[in-house]
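A.B. asks:
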């Protein structure tokens, strides 16, 4: 089991309603705590328990108290077993969820592209928001892998569109200078040289840095673009460029 949760989160996320208790106690006693964990975990995250390590121990204890059960009984519940899969389907019906439609998928894709991608979050963080988007609309999406592919696809399209907007705002002279830098990557203002470390404060290195700064100023880059792009995306692009060769 995972670490505990705060008292406020415990009550808000792991409390059973009267209808929840009636739903859970309608099952065999040996399966009740596992079912209750599945129910409250899904209600909080929008996806079902992947394994025992994902469950907060305090949440299990609190559920066990509400049901009058031994908290250790959850250890006998197989979250990947056939009974658990059947319970997942019953939980969806109990909570009033429906399967995702093509219309839902298109709406989700637009939301990822228009609202979620701008933050530049990692894939896993974006995926958590996607599950919550589905949960809030009482939609049960496809598999985690399929939703991850959707997130990756929309994220890739967003980045390509972002880079295209940067390219379109470059002046012809700037494009020519950048192409020359790529063509001679080890030259004074070549791609590799521009990425290189300034080194010690020798006269030669100072002159080299001065040449780099002059080159950047000649590009006349649209600085206002950085203010709307977001630091997370800028950092990712910087890391990507740092690891690429001029030929790429």
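Residue numbers (the numbering used here): 2 to 249. Every residue gets a Cβ at the ideal spot worked out from N, C-alpha and C, and that includes glycine. All values derive from a computational prediction rather than experimental measurement.
Residue 104: which of 138, 74 and 88 sits nearest, CA to CA?
C.D. replies: Working through the chain shown from its first residue, we reach residue 104 at position 103. Out of 138, 74 and 88, 138 has the C-alpha closest to the C-alpha of residue 104.
A.B. asks: Quick test of your reading: residue 33 and residue 70, contact by CB under 8 Å. State the CB separation rounded to the nearest angstrom.
C.D. replies: By 1-based counting over the chain shown, the position of residue 33 is 32. By 1-based counting over the chain shown, the position of residue 70 is 69. With 8 Å as the limit, residue 33 and residue 70 qualify as a contact, their Cβ atoms being about 6 Å apart.
A.B. asks: Exposed or buried, residue 131, counting other C-beta atoms within 10 Å across all chains shown (16 or more means buried)?
C.D. replies: Counted from its first residue, the chain shown places residue 131 at position 130. By the neighbour-count rule (16 or more Cβ atoms within 10 Å), residue 131 is buried.
A.B. asks: Between which two residues does the alpha helix (DSSP H) harbouring residue 150 extend?
C.D. replies: If you number the chain shown from 1, residue 150 lands on position 149. Run containing residue 150: 145 to 169, per the alpha helix (DSSP H) assignment.
A.B. asks: Please confirm whether residue 47 and residue 15 have their CB atoms less than 8 Å apart.
C.D. replies: In the chain shown, counting from the first residue as 1, residue 47 sits at position 46. In the chain shown, counting from the first residue as 1, residue 15 sits at position 14. No, the pair does not count as a contact, with Cβ atoms beyond the cut-off.
A.B. asks: Can you check whether the CB of residue 80 is closer than 8 Å to the CB of residue 52?
C.D. replies: In the chain shown, the residue the question calls residue 52 occupies position 51. In the chain shown, the residue the question calls residue 80 occupies position 79. Yes.
A.B. asks: Thinking C-beta only, is residue 113 closer than 8 Å to residue 152?
C.D. replies: Residue numbering aside, residue 152 sits at position 151 when the chain shown is read from its first letter. Residue numbering aside, residue 113 sits at position 112 when the chain shown is read from its first letter. Yes, the Cβ-Cβ distance between residue 152 and residue 113 is below 8 Å.
A.B. asks: On the premise that residue 230 lies in contact with residue 163, defined as a C-beta separation below 8 Å, what is that separation, rounded to the nearest angstrom?
C.D. replies: Residue 163 sits at position 162 when you count from the first residue of the chain shown. Residue 230 sits at position 229 when you count from the first residue of the chain shown. So it is a contact: roughly 7 Å between Cβ atoms.
A.B. asks: Counting Cβ pairs, one atom from each stretch, are 3 or more of them under 8 Å apart for the stretch 232 to 244 and the stretch 114 to 126?
C.D. replies: Flag = yes, the stretch 232 to 244 and the stretch 114 to 126 touch.
A.B. asks: Per DSSP, what are the beta-bridge partners of residue 141 in this structure?
C.D. replies: If you number the chain shown from 1, residue 141 lands on position 140. The partner list for residue 141 (beta bridge, DSSP) reads 100.
A.B. asks: May I have the straight-line CA-CA distance separating residue 98 from residue 107, to the nearest angstrom?
C.D. replies: Here residue 98 corresponds to residue number 97 of the chain shown, with the count starting at 1. Here residue 107 corresponds to residue number 106 of the chain shown, with the count starting at 1. So the alpha carbons of these two residues sit roughly 18 Å apart.
A.B. asks: Note down the Cα distance separating residue 35 from residue 126, rounded to an integer number of angstroms.
C.D. replies: By one-based count along the chain shown, residue 35 stands at place 34. By one-based count along the chain shown, residue 126 stands at place 125. Computed Cα separation, rounded: 26 Å.
A.B. asks: Thinking C-beta only, is residue 64 closer than 8 Å to residue 37?
C.D. replies: To locate residue 37, count along the chain shown from 1; it is residue 36. To locate residue 64, count along the chain shown from 1; it is residue 63. Closer than 8 Å, so yes.
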